[in-house]
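Have a look at the structure below, then the notes.
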Amino acid sequence: MDSAKTYAAAEHRSVPQQIEYWARIGKAVIDNPDMPLRLIQDTMLSREEVNAGLAAPYEFG
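Each residue of the sequence shown is one higher than the one before, counting from -12 in the working numbering.
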């Protein structure tokens, strides 16, 4: 639990939010064993950015 408190403070999350984040990351790693952790984390962040309206459509050409 001390580890969760430390990481939660560093990431500006509550302890329950930190534990939930670790659970989501763990599930994503189990579901995608061939993907590097950093790619999984970046993909999760990108999805949240889209949900928050922070993404812009990519224009090809």
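C-beta: ideal position from N, C-alpha, C; glycine also.
Item	Value
Nearest by alpha-carbon distance to Q28: which of G40, E36, L41 and I12 is it?	I12
Would Q4 be called buried (16 or more neighbouring beta carbons within 10 Å of its own) or exposed?	exposed
Which residue comes first and which comes last in the alpha helix (DSSP H) that contains E7?	V2 to D18
When the Cα of L24 is compared with those of A(-9), W9 and N38, which residue comes out closest?	W9
Are the CB atoms of M22 and V2 within a distance shorter than 9 Å?	no
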